[in-house]
Amino acid sequence: MSFIADFHIHSPYSRATSKDLCFETLYQWAGLKGVSLIGTGDFTHPAWLAEIKEKLIPDGKGLFKLRDESIPSLNIKLPCENLTPIRFIITCEISNIYKYEGKTRKVHNLICMPDFDSAARFANKLNLIGNIRSDGRPILGLDSRDLLEVLLETSEEAVLVPAHIWTPWFSVLGSKSGFDSIEECYRDLSEHIFALETGLSSDPPMNWMVSKLDGYTLISNSDAHSAPRIGREANLFDCEMSYNAIMNA
Numbered sequence: 007m008s009f010i011a012d013f014h015i016h017s018p019y020s021r022a023t024s025k026d027l028c029f030e031t032l033y034q035w036a037g038l039k040g041v042s043l044i045g046t047g048d049f050t051h052p053a054w055l056a057e058i059k060e061k062l063i064p065d066g067k068g069l070f071k072l073r074d075e076s077i078p079s080l081n082i083k084l085p086c087e088n089l090t091p092i093r094f095i096i097t098c099e100i101s102n103i104y105k106y107e108g109k110t111r112k113v114h115n116l117i118c119m120p121d122f123d124s125a126a127r128f129a130n131k132l133n134l135i136g137n138i139r140s141d142g143r144p145i146l147g148l149d150s151r152d153l154l155e156v157l158l159e160t161s162e163e164a165v166l167v168p169a170h171i172w173t174p175w176f177s178v179l180g181s182k183s184g185f186d187s188i189e190e191c192y193r194d195l196s197e198h199i200f201a202l203e204t205g206l207s208s209d210p211p212m213n214w215m216v217s218k219l220d221g222y223t224l225i226s227n228s229d230a231h232s233a234p235r236i237g238r239e240a241n242l243f244d245c246e247m248s249y250n251a252i253m254n255a
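Position one of the sequence shown corresponds to residue 7 (the numbering used here), numbered consecutively onward.
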């Protein structure tokens with residue numbers, strides 16, 4: 007099955023985002039743009055997680071669908087629905103700002119979760135570390151390596167993808183506050199990093215020029231702060247539309 011996926015978006019609880027973001031609007035724009043799988047974004051925020059649980063139901067394959075009563079009534083046929091059903095995957099972005107080897111590091115990490123329970127447990131753990139209520143993309147004084155450890159302790163199926171890896175100020179390889187390699191950042195847990203997000207500041211061909219990234223799968227997402235931005239960058243999959251198949255693609 008071929009389908010388009012956009013994993014990285016935000017909710018109205020993140021700073022500088024549209025207040026019109028809701029699952030009904032996300033569903034409409036995903037369908038209009040032919041995006042079959044879209045991230046929920048911001049699941050660590052308590053209010054947004056509550057809305058995720060209210061509006062979405064498991065599809066039995068590690069993904070989620072909008073409840074029938076929440077599907078917006080439209081007078082047009084969504085292109086995406088002609089090909090594949092529209093599904094959601096539980097995601098969030100964490101802003102890690104911390105000191106390592108005498109330097110301030112600022113790294114954004116994209117998280118994917120397979121189920122509601124794992125998402126809630128992970129959010130509860132982060133709530134003990136920092137403030138997850140003030141921003142849908144929480145800012146934590148937590149080492150990225152330690153974030154990954156907390157994630158893996160929560161669920162072996164959970165995935166961490168370093169976000170927009172070349173953004174100067176807020177990424178793992180950023181020139182201003184990043185690292186010289188993925189291994190330096192995640193250290194003994196680096197083997198669990200198998201994918202990297204190109205971000206809006208780079209594209210796959212640019213990353214293919216860096217040989218040390220050859221072993222990683224590259225993904226590109228919209229990082230949408232409003233629903234019309236969904237799919238401005240996205241990923242084409244040819245596999246079963248399930249959480250495990252996507253993570254193994």
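Positions of the beta carbon are idealized from the N, C-alpha and C atoms, including for glycine.
Owing to the predicted nature of the structure, the values given are computational and were not obtained by experimental measurement.
- With a cutoff of 7 angstroms on beta-carbon distance, THR97 and PHE13 are scored as near each other.
- For the pair GLY205 and HIS170, the CB atoms are nearer than the 7 angstroms cut-off.
- ALA11 places its beta carbon 7 angstroms or farther from that of PHE176.
- Beta-bridge partners of MET119 (DSSP): ILE96.
- Taking 4 residues as the minimum length, the alpha helix (DSSP H) runs contained wholly in the stretch 210-237 are 210-214, in order along the chain.
- The criterion of a C-beta distance shorter than 7 angstroms is not satisfied by LYS112 and SER20.
- By the neighbour-count criterion, in which a residue is buried when 16 or more other Cβ atoms sit within 10 angstroms of its Cβ, SER217 is exposed.
- For ALA11, the uninterrupted beta strand (DSSP E) run begins and ends at 8-12, by DSSP.
- Cβ-Cβ distances below 8 angstroms link SER42 to PHE9, ILE10, ALA11, ALA36, CYS86, LEU89, THR90, PRO91, ILE92, ARG93, MET247 in the same chain, with the five nearest sequence neighbours on each side left out; the list follows chain order.
- When secondary structure is reduced to three states using DSSP, ALA201 falls in the strand class.
- Nearest C-alpha to SER17 among GLU75, THR50, PHE185: THR50.
- Annotation: the continuous alpha helix (DSSP H) that includes ASP152 extends over 150-160.
- 7 angstroms or more divides the Cβ of ARG151 from the Cβ of LEU116.
- Counting other Cβ atoms within 10 Å of its Cβ, MET215 stays below 16 and is therefore classed as exposed.
- Within the model, the alpha-carbon separation for LYS109 versus PHE70 is close to 40 angstroms.
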